[in-house]
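Quick note, the sequences are listed as chains B and U, same order. Mapping the first sequence onto the numbering used here, position 67 (from 1) lands on 96, and the numbers just tick up by one. Mapping the second sequence onto the numbering used here, position 135 (from 1) lands on 164, and the numbers just tick up by one. The C-beta atom is built at its ideal place from N, Cα and C for all residues, glycine as well. Following: one structure in structure tokens, then a few remarks.
Protein chains: 2
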Amino acid sequence: MKALEERILRDGLTVGTEIVKVDSFLNHQIDTDFLLQLGDEFARIFAGTAPTKILTMESSGISVAMATALSFGRLPVIFAKKTAPSTMVEETYAADVMSFTRGKVSTARVAKKFLAAADRVLIIDDFLAHGEAASGLVEIVRQAGADLVGVGIVIEKAFQGGREKLAPFDCPIAALARIGQIENGQIHFLPAD
Amino acid sequence: MKALEERILRDGLTVGTEIVKVDSFLNHQIDTDFLLQLGDEFARIFAGTAPTKILTMESSGISVAMATALSFGRLPVIFAKKTAPSTMVEETYAADVMSFTRGKVSTARVAKKFLAAADRVLIIDDFLAHGEAASGLVEIVRQAGADLVGVGIVIEKAFQGGREKLAPFDCPIAALARIGQIENGQIHFLPAD
Chain B
30 MKALEERILR DGLTVGTEIV KVDSFLNHQI DTDFLLQLGD EFARIFAGTA PTKILTMESS
90 GISVAMATAL SFGRLPVIFA KKTAPSTMVE ETYAADVMSF TRGKVSTARV AKKFLAAADR
150 VLIIDDFLAH GEAASGLVEI VRQAGADLVG VGIVIEKAFQ GGREKLAPFD CPIAALARIG
210 QIENGQIHFL PAD
Chain U
30 MKALEERILR DGLTVGTEIV KVDSFLNHQI DTDFLLQLGD EFARIFAGTA PTKILTMESS
90 GISVAMATAL SFGRLPVIFA KKTAPSTMVE ETYAADVMSF TRGKVSTARV AKKFLAAADR
150 VLIIDDFLAH GEAASGLVEI VRQAGADLVG VGIVIEKAFQ GGREKLAPFD CPIAALARIG
210 QIENGQIHFL PAD
């Protein structure tokens, strides 16, 4: 998605060779107008997959998942929780997820009552890096026995192996921007899906 | 907001005398169509306050903050982060926030570059209980020297003192539903703002 690549080049900040910060529009401050455009793009790419629910991971995935849900005619969004509040007392699907930027493993949970075998689930997240979060979400969809119709990612860091990690699940993956390399502060894109 | 009170009565689950779970539409699964209605209501209540940014707390505030931002003509949303990822390297405003449902204190942070003295900030959150999260957000707005135009809350648990805690800040507070008491599983509402 050309507008996204341009936005990353304009507003993204690189740290070393592995990190690009897009917190001015995606995952700290949210450019809501731009996110609606990302949602429209996911709806275009996954048109025909007939999702019934959008699944994402708290916190950074919520806004783009919501934008996508709106573009699909106001679908429900479910966000997996990485910590269990005392109010979360019911049965859950759960998957362990390693966060490399936070340096710890957390358990992503979704209450069982919100995902059923009849659901067609589109996973949406802000980043695909090592594939930990996405794999955890896929695992939750499998536990529910629901159909996984696709995985939509805003920014893929293709050099960290996330796509390869998802390959065994054999589902359509679409990243709106694919970063192949970060070198001397320069971001090099691969062709998007 | 009558539609919200009806929704809470229909889908909310009470736990004891202090907790009402609304995770089927607000803070785990998100009814995006209904949230747009909540956003419209906040935009109606705070019309004329001319906010430039919507500020909320991760994770549960993000979806309703986004809905409100859309109703205000696609304003930017900022969500305060309760844990600092390794990628958060810049100067931040910060406030300690006690979570009673999680039983711990965390530090809410907003990168300084996203809030300036010229901003007019509308705080939006899903719940007002003891007022910890809202007070932390207000503290962050004050650190930025920005104008606080109001605090919009989806559900206030009026028996937990949050509104009194915010009183010294002398800003308009609007809750779309105000729970006065939970007794024997029955929810009793106070008149909304």
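* Asked: How many Å lie between Phe108 of chain U and His57 of chain B at the Cα?
  -> Looking at the two C-alpha atoms, the distance is approximately 6 Å.
* **9 Å Cβ cutoff, Met127 of chain U in contact with chain B** => Closer than 9 Å: no.
* Local Cβ density within 10 Å of Pro105 of chain B, reported as buried at 16 or more and exposed below that -> So Pro105 of chain B counts as buried.
* Please check if any C-beta of chain U sits within less than 9 Å of the C-beta of Asp60 of chain B. => Residue-level contact by beta carbon holds for Asp60 of chain B and chain U, with a gap shorter than 9 Å.
* Asked: Would you say Val139 of chain B reaches chain U, if we count a Cβ-Cβ gap shorter than 9 Å as a contact?
  -> Residue contact check for Val139 of chain B against chain U: a CB pair falls below 9 Å.
* To do: Output yes if chain B places a C-beta closer than 9 Å to the C-beta of Asp148 of chain U; else output no.
  => Contact with chain B is absent for Asp148 of chain U, since none of that chain's Cβ atoms lies less than 9 Å from the residue's Cβ.
* Asked: With a cut-off of 9 Å, does the C-beta of Arg103 of chain B fall near any C-beta of chain U?
  -> When Cβ-Cβ separations below 9 Å define contact, Arg103 of chain B makes contact with chain U.
* To do: For the segment 187 to 204 of chain U and the segment 156 to 176 of chain U, state whether three or more C-beta atom pairs, one from each stretch, are separated by less than 8 Å.
  => Short answer: they touch.
* For Lys82 of chain U, count neighbouring C-beta atoms within 10 Å of its own C-beta (all shown protein chains included) and say buried if the count is 16 or more, exposed if not. => With 16 or more Cβ atoms within 10 Å of its Cβ, Lys82 of chain U is classed as buried.
* Asked: On the three-state DSSP scale, how would you describe Val167 of chain B?
  -> Val167 of chain B falls in the helix class under three-state DSSP.
* To do: Spell out the partners DSSP gives Glu185 of chain B in its beta bridges.
  => Note: Glu185 of chain B sits in a beta bridge opposite B:Leu157 and B:Arg207.
* To do: Mind listing the chain U neighbours of Glu87 of chain B? Cutoff is C-beta to C-beta under 9 Å, in chain order.
  => Here the neighbours are Glu87, Ser88, Ser89 and Ile91.
* **Below-9 Å beta-carbon distance, Arg171 of chain U vs any chain B residue** => Cβ-Cβ to chain B under 9 Å: no for Arg171 of chain U.
* Same chain, Cβ closer than 8 Å to Glu212 of chain B, neighbours up to 5 away in sequence not counted -> If you ignore the 5 residues before and after Glu212 of chain B, its C-beta comes within less than 8 Å of the C-beta of Thr46, all in its own chain and listed in chain order.
* Buried or exposed: Ile197 of chain U, going by 16 or more other Cβ atoms within 10 Å of its Cβ? -> The displayed chain sequence assigns Pro, not Ile, to residue 197 of chain U. Result: exposed.
* **Same chain only: Cβ atoms within 6 Å of Ser100 of chain B, ignoring 5 sequence neighbours per side** => Excluding sequence neighbours, Ser100 of chain B sits near Gly68, Asp69 and Ala72.
* Asked: Under 9 Å between C-beta atoms, does Leu99 of chain B make it to chain U?
  -> Answer yes: the Cβ-Cβ gap between Leu99 of chain B and chain U drops below 9 Å somewhere.
* Compare the C-alpha of Ile48 of chain U against each of U:Met95, U:Lys141 and U:Gly209 and name the closest. => Ranking U:Met95, U:Lys141 and U:Gly209 by CA distance to the CA of Ile48 of chain U puts U:Gly209 first.
* **Helix, strand or coil at Val93 of chain B [DSSP, three-state]** => When DSSP states are grouped into helix, strand and coil, Val93 of chain B belongs to the helix group.
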